[in-house]
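Here the structure comes first, spelled out in structure tokens, and everything after it is commentary.
Numbering (UniProt numbering), first residue to last: 1 to 269.
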């Protein structure tokens, strides 16, 4: 019987890959060491609503290759580092062992034609955006109940501000203003969770987002509006939520401010 190989965290870097259109696949093949075969792989740090789908398929010889398939990407050139757990089988005795590795993909061209607003992504959070999270934490710590809730949620931990979640929230708020729509999904079908991952958030577990619009111009107004709505309230008060970011954008006439709250259970750093 051979010794188990010390693979550690092996980075496999693809060359630039062209994506022909939305939801096209990319494949990177990673050979198993001699005398071993990959059995399966499980995505790690790519949570619910991720922009990516990682699967394993047999190569030319069964078990010789692990193929990671990315089924969605942005247009332009993007480099993503994805982590996954994989099971390696020793052919001499059939024993298996789990490994964790990383896969780095560079994607060029094609993909979803979705605009990123660098002026929005690069700006610092505003006092109003920070105030929304402060008010939510005030309600969480006080154990404010949600309308129609059968079981009281009770006091919960304060949410921790996360800059990447806030960037994704600002990006979506600005996109709704600049392209004149109001929806949890972009016209291309991207969610706030997807945008978070594309901007670098390593999401695990659940999460969601709240939107606010016309009439909710101040932090207090938007938080009170969410607290009065059962679904929006639970999104904020859910005790599983740990991280948050908030973004807002104003139309040219300064009416109908768009708000986005982006909350997640867990992030990998």
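Beta carbons are placed, not taken as given, at the ideal position from N, Cα and C, and that holds for glycine.
Quick one: what does DSSP say residue i is sitting in, helix, strand or coil?
| i | result |
| --- | --- |
| residue 175 | helix |
| residue 159 | coil |
| residue 259 | strand |
| residue 288 | Residue 288 lies beyond the stretch modelled for the chain, which goes from 1 to 269, so this question has no answer here. |
| residue 136 | helix |
| residue 181 | coil |
| residue 120 | helix |
| residue 270 | Residue 270 lies beyond the range of the chain shown here (1 to 269); nothing can be said about it. |
| residue 128 | helix |
| residue 141 | helix |
| residue 146 | coil |
Of the choices the options, whose alpha-carbon is the least far from that of residue i?
| i | options | result |
| --- | --- | --- |
| residue 158 | 231, 237, 148 | 237 |
| residue 198 | 155, 165, 37 | 165 |
| residue 146 | 259, 234, 136, 256 | 234 |
| residue 270 | 163, 142, 193, 187 | Only positions 1 to 269 of the chain appear in the structure, and residue 270 is not among them; the question remains open. |
| residue 179 | 230, 205, 193, 115 | 115 |
| residue 169 | 38, 144, 264, 268 | 264 |
| residue 240 | 206, 176, 123 | 206 |
| residue 93 | 160, 142, 176, 4 | 4 |
| residue 221 | 174, 181, 133, 177 | 133 |
| residue 161 | 245, 268, 261 | 245 |
| residue 121 | 249, 257, 256, 268 | 249 |
| residue 278 | 208, 243, 141, 128 | This structure cannot settle anything about residue 278, because the visible part of the chain is limited to 1 through 269. |
| residue 201 | 225, 243, 143 | 243 |
Identify every residue that forms a DSSP beta bridge with residue i.
| i | result |
| --- | --- |
| residue 246 | 261 |
| residue 186 | None, per the DSSP bridge assignment. |
| residue 266 | 204 |
To the nearest angstrom, how far is the alpha carbon of residue i from that of residue j?
| i | j | result |
| --- | --- | --- |
| residue 88 | residue 266 | 28 angstroms |
| residue 97 | residue 35 | 14 angstroms |
| residue 148 | residue 154 | 14 angstroms |
| residue 203 | residue 190 | 16 angstroms |
| residue 24 | residue 138 | Summary for residue 24: the model assigns pLDDT 42, below 50, so the residue's position carries little reliability, and this model does not support an answer. |
| residue 256 | residue 213 | 5 angstroms |
| residue 90 | residue 37 | 7 angstroms |
Could you please give the first and the last residue of the uninterrupted alpha helix (DSSP H) stretch that includes residue i?
| i | result |
| --- | --- |
| residue 195 | 192–198 |
| residue 231 | 230–237 |
| residue 225 | 219–227 |
Tell me the residue span of the beta strand (DSSP E) that contains residue i.
| i | result |
| --- | --- |
| residue 204 | 203–212 |
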